[in-house]
Amino acid sequence: MNDKNRHALGRGLDALINPASKINRDEQVEIINSNLQGDDGSSQEILAKIDIENIAPNPFQPRTEFEPNALEELKKSILQNGLIQPVTVRRVTENKYELISGERRLRAIKEIGY
């Protein structure tokens, strides 16, 4: 293996993906893609920045207990690296959403105070 190929290895995860952006508590809801339904009637994914106060927990969440130590570690990770994987929600009304996945992440963000 020559030296040109070797320098690409061992640079860490940040070399492969963009570093996570920090969460800004003052940001407004920003719809990146507003297509909520495809032409065939299927639902479409959109990426949006939503005020966390507009996200309600899922009443059918199977997990009822969250380990405090794991939540603390997640909060530290979010403060250091930002929120790498966003939560998934569904729109209930114009400005209200219900959580589909990411209960721990949502709890951590709320406890951090964002």
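Residues in the sequence shown are numbered consecutively from 3, following the numbering used here.
By construction, the Cβ of each residue, glycine as well, lies at the ideal position given by its N, Cα and C atoms.
Identity of the residue in the options nearest residue i by Cα
i, options, result
"L85", "E96, R65, G104, Y99", "G104"
"E100", "E47, N60, T66", "N60"
"I111", "N97, I102, S79, E96", "S79"
"I102", "E74, A58, L73, I48", "A58"
"E113", "R93, R65, N97, P70", "P70"
"I48", "F62, A72, R93", "R93"
DSSP three-state assignment for residue i, whether helix, strand or coil
i, result
"R65", "coil"
"L85", "coil"
"E47", "coil"
"I57", "strand"
"E105", "helix"
"E96", "coil"
Where residue i falls, given that 16 or more other Cβ within 10 Å makes a residue buried
i, result
"L108", "buried"
Beta-carbon proximity check, residue i vs residue j, cutoff 7 angstroms
i, j, result
"L81", "R106", "no"
| message | Assess contact between the region 54-69 and the region 89-97, defined as three or more Cβ pairs (one per stretch) separated by less than 8 angstroms. Is contact present? | response | Remark: three or more beta-carbon pairs, one from each stretch, lie closer than 8 angstroms, so the region 54-69 and the region 89-97 are flagged as touching.
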